[in-house]
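Everything on this sheet refers to the single structure shown next.
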Amino acid sequence: MSLGSDRAQSGLLATLAHVRYASGVTGEELAALMDRPGERLLARLPAGPLTPAQALRLGGRLRAEHPAPLVAAAMTLHNLRWRARTKFRLADRMVFTREGLEQASSERMARHHAARFAGQSPLADLCTGIGGDLTGLAAGRPVLAADLNPVHLRMAAHNAGVYGHDGGLRFVGANVREVALDGVEAAFVDPARRQGGRRLRAGSSEPPLPWCLALAERVPAVGIKASPGLPIALVPPGWEVEFVSERRELKEALLWSPALARVTRRATLLDGGHHLDAADDPGASPPVPCAPPGRFLLDPDPAVTRAGVVEELARALGAWKIDERIAFLSADTSLDTPFGRLLRIQASLPFQLKDLRHELRRLEVGSVDIRQRGSAVDTDDLGRRLRPRGDGRATLVLTRVADRPWALVCSPAAPGNGA
Ligand SMILES: C[S@@+](CC[C@H](N)C(=O)[O-])C[C@H]1O[C@@H](n2cnc3c(N)ncnc32)[C@H](O)[C@@H]1O
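Residue numbering for the sequence shown follows the numbering used here, starting at 1252 and increasing by one per position.
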């Protein structure tokens, strides 16, 4: 790349400085934006994300009036607010660091967490971060908010104010291990799963899970936010583990101490607030039959699979399993449930390339979306070798039926329409 004039070169360097700054902005600089000059500067930025050309033009103009680090921090916050709007209704008035935003619970998730603490007061929000959870936990009760990152804590105080939670909050900038919890009736802890911009090893957190679990020896009721990959074996007896998904994406595992536990395992869909619980006494429930696929296939939500309540779902729907070890259910009538995605089975056959190709041609399927469960087939290679012809589209499910490799050619099914 050749650079034209000195002016062009200094403009480019300014942009590069901005880019480097944008990815590594310090919380202290961002916190400066919460003061009046920062607010005035932010008010001058246009709605929506800035294109690189806009950032270059605007950045040049603003740097003539404000210190360069403040301008760069303003642009960073502007972009973070734009990204945050999927998590927070009031994102355009909140403050974030990138790491704080990425780790924050959304407003909706925070409300879900807070609902379990109904009637519990005062509460401790340990590892408060930028205050995502606090937006829900602080509604109508005093909260002690603690985090060792002073910038996050300051942001949490600002963000709580944006949500109208001004009174009864106490912010403690300290290691949660050293925070006195006398008089606290319940605690919520969301330990860090990243440090210094890096994800910690799977299963690790700061503070670690054993410390979080031991909180229940000091505080009557405890809730812990953990990774969705949490091994169920780590859940102590008497505690509940709740797996929460949103739009079929598994978001988190929540651990509830005995005082807050309602069941042993629960799958919750944040959309609609539906939940499905593990049976109290699995031995007392009738076994779920296992049989070849019928007219419909149900692909359970990941929260259902993770919580190990696929059998409970089958019993509730009168469905059956197609294989002892595969989490697909089947039925001959349409199933109306939020707990899974329903497909209509158009063809069901043992997996053989020649037969499958023949079925796709018979059904005039020209393009397939391949899903696998319990199959190790190379789907790119299969897609090429199938050479489908026709105008139709289908979902090709590669799985196992009675432990044999199997293929199901499916189309979407509207729940309740069994015709
Ligand atoms: C996952 S974030 C919390 C997110 C928060 N619940 C929210 O919704 O915004 C974890 C936070 O824990 C803090 N943290 C990590 N170890 C800590 C410790 N030992 N004491 C206090 N805070 C800690 C980090 O500074 C970070 O802000």
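Quick reminder that beta carbons are idealized off the backbone N, C-alpha and C, glycines included.
_First and last residue of the uninterrupted alpha helix (DSSP H) at M1597_ = For the purposes of this step, residue 1597 is taken as residue 346 along the sequence shown, with counting starting at 1. Before going on, a small fix: residue 1597 reads as Gln here, not Met. Run containing Q1597: none in the alpha helix (DSSP H); it sits in the beta strand (DSSP E), 1591-1601.
*Could you spell out where the alpha helix (DSSP H) holding E1358 opens and where it closes?*
Working through the sequence shown from its first residue, we reach residue 1358 at position 107. Start and end: 1358-1367.
*With V1413 as the anchor, note down where its alpha helix (DSSP H) starts and where it stops.*
The residue given as residue 1413 occupies position 162 in the sequence shown. Membership of V1413 in the alpha helix (DSSP H) is indicated by the continuous run 1401-1413.
*Can you tell me the Cα-Cα spacing of V1616 and G1641, whole angstroms?*
Taking the sequence shown and counting its residues from 1, one reaches residue 1616 at position 365. Taking the sequence shown and counting its residues from 1, one reaches residue 1641 at position 390. Going from the Cα of V1616 to the Cα of G1641 covers about 5 Å.
*CA-to-CA distance, L1593 to S1585, given in whole angstroms*: Here the question's residue 1585 lines up with position 334 in the sequence shown. Here the question's residue 1593 lines up with position 342 in the sequence shown. Distance between the alpha carbons of S1585 and L1593: 8 Å.
*asked:* Let's see if you can read the secondary structure: which residues bound the beta strand (DSSP E) around W1657?
replied: If you number the sequence shown from 1, residue 1657 lands on position 406. First-last of the beta strand (DSSP E) with W1657: 1655-1663.
_Using CA atoms only, rank isn't needed, just tell me which of K1605, S1626, F1590, L1649 is closest to V1619._
Here residue 1619 is taken as the residue at index 368 of the sequence shown, counted from 1. When only C-alpha atoms are compared, the closest one is L1649.
*Would you call T1302 buried or exposed, if buried means 16 or more other Cβ atoms sit within 10 Å of its Cβ?*
What you label residue 1302 is simply residue 51 of the sequence shown in a count that begins at 1. Per the 10 Å Cβ criterion, exposed.
*For A1369, which of L1614, L1388, S1456, G1351 has the nearest alpha-carbon?*
Within the sequence shown, numbered from 1, the residue matching residue 1369 stands at position 118. Cα-wise, what sits closest to A1369 is L1388.
_Going by DSSP in three states, A1397 sits in which element: helix, strand or coil?_
Numbered from 1 along the sequence shown, position 146 holds the residue referred to as residue 1397. Looking at A1397 - three-state DSSP - the assignment turns out to be strand.
*Along the chain, where does the alpha helix (DSSP H) that runs through T1386 open and close?*
The count along the sequence shown starts at 1 and reaches residue 1386 at position 135. 1385-1388 is the span of the alpha helix (DSSP H), which, as asked, contains T1386.
*Is it the case that the Cβ atoms of G1596 and L1633 are separated by a distance below 9 Å?*
Mapped onto the sequence shown, residue 1596 falls at position 345. Mapped onto the sequence shown, residue 1633 falls at position 382. Here residue 1596 turns out to be Ile, not Gly, going by the sequence shown. No. Outside cutoff.
_Can you list, in chain order, the residues of its chain with a C-beta nearer than 6 Å to that of L1607? Leave out the 5 residues immediately preceding and following it._
Working through the sequence shown from its first residue, we reach residue 1607 at position 356. Same-chain partners within the cutoff: A1658.
*Select from F1602, R1546, Q1446, R1452 the residue whose C-alpha is nearest the C-alpha of G1380.*
Here residue 1380 corresponds to residue number 129 of the sequence shown, with the count starting at 1. Comparing Cα positions, the closest option is Q1446.
*Are the region 1394-1402 and the region 1471-1479 in contact at 8 Å, needing three or more beta carbon pairs?*
no
_DSSP beta-bridge partners of C1541_ = Along the sequence shown, read from residue 1 onward, the residue named residue 1541 stands at position 290. BP columns for C1541 point to K1572.
*Among all the DSSP beta bridges, which residues are the ones paired with G1643?*
One-based indexing of the sequence shown puts residue 1643 at position 392. In the DSSP assignment, G1643 is bridged to V1616.
*Of the residues R1638, L1293, A1598, which one's Cα is nearest the Cα of S1662?*
The sequence position of residue 1662 within the sequence shown is 411, counting from 1. Nearest of R1638, L1293, A1598 to S1662, Cα basis: A1598.
*asked:* Tell me whether L1454, by its Cβ, gets closer than 8 Å to a heavy atom of ligand 1.
replied: Start at 1 with the first residue of the sequence shown, and residue 1454 comes out as number 203. The sequence shown places Gly at residue 1454, not Leu. Checking every heavy atom of ligand 1 against the Cβ of G1454, none is found closer than 8 Å.
*Over the uninterrupted alpha helix (DSSP H) stretch that includes R1557, give me the two end residues.*
Taking the sequence shown and counting its residues from 1, the one referred to as residue 1557 is at position 306. Element bounds for R1557: 1553-1557.
*Closest by C-alpha distance to L1328, when choosing among F1347, G1310, V1555*: Taking the sequence shown and counting its residues from 1, the one referred to as residue 1328 is at position 77. Measuring from the Cα of L1328, the nearest candidate turns out to be F1347.
*Closest by C-alpha distance to R1314, when choosing among N1330, R1295, G1299*: Within the sequence shown, numbered from 1, the residue matching residue 1314 stands at position 63. The candidate whose alpha carbon is nearest that of R1314 is R1295.
*Considering only the beta carbon of each residue, do M1345 and V1413 sit closer than 9 Å?*
Here residue 1345 refers to the residue found at position 94 of the sequence shown. Here residue 1413 refers to the residue found at position 162 of the sequence shown. For M1345 and V1413, yes; Cβs fall inside 9 Å.
*Skipping 5 residues on each side, what residues in its chain have a beta carbon closer than 7 Å to that of G1275?*
For the purposes of this step, residue 1275 is taken as the residue at position 24 of the sequence shown. Any reading at G1275 must be qualified, since the residue scores a pLDDT of 44, below 50, and its modelled position is unreliable; no value is offered.
*Return the residue from the list P1538, R1336, R1499, L1604 that minimises the CA-CA distance to D1522.*
Position 271 of the sequence shown, counted from the start, is the residue given in the question as residue 1522. When only C-alpha atoms are compared, the closest one is R1499.
*asked:* If you reduce the DSSP assignment to three classes, tell me which class I1621 lands in.
replied: Reading the sequence shown from its first residue, position 370 is the one you call residue 1621. It is a strand residue.
*Since I believe V1440 is in contact with L1466 (beta carbons under 8 Å), could you give me their beta-carbon distance rounded to a whole number of angstroms?*
Here residue 1466 corresponds to residue number 215 of the sequence shown, with the count starting at 1. Here residue 1440 corresponds to residue number 189 of the sequence shown, with the count starting at 1. Their Cβ separation, rounded to whole angstroms, is 6 Å, which keeps L1466 and V1440 in contact under 8 Å.
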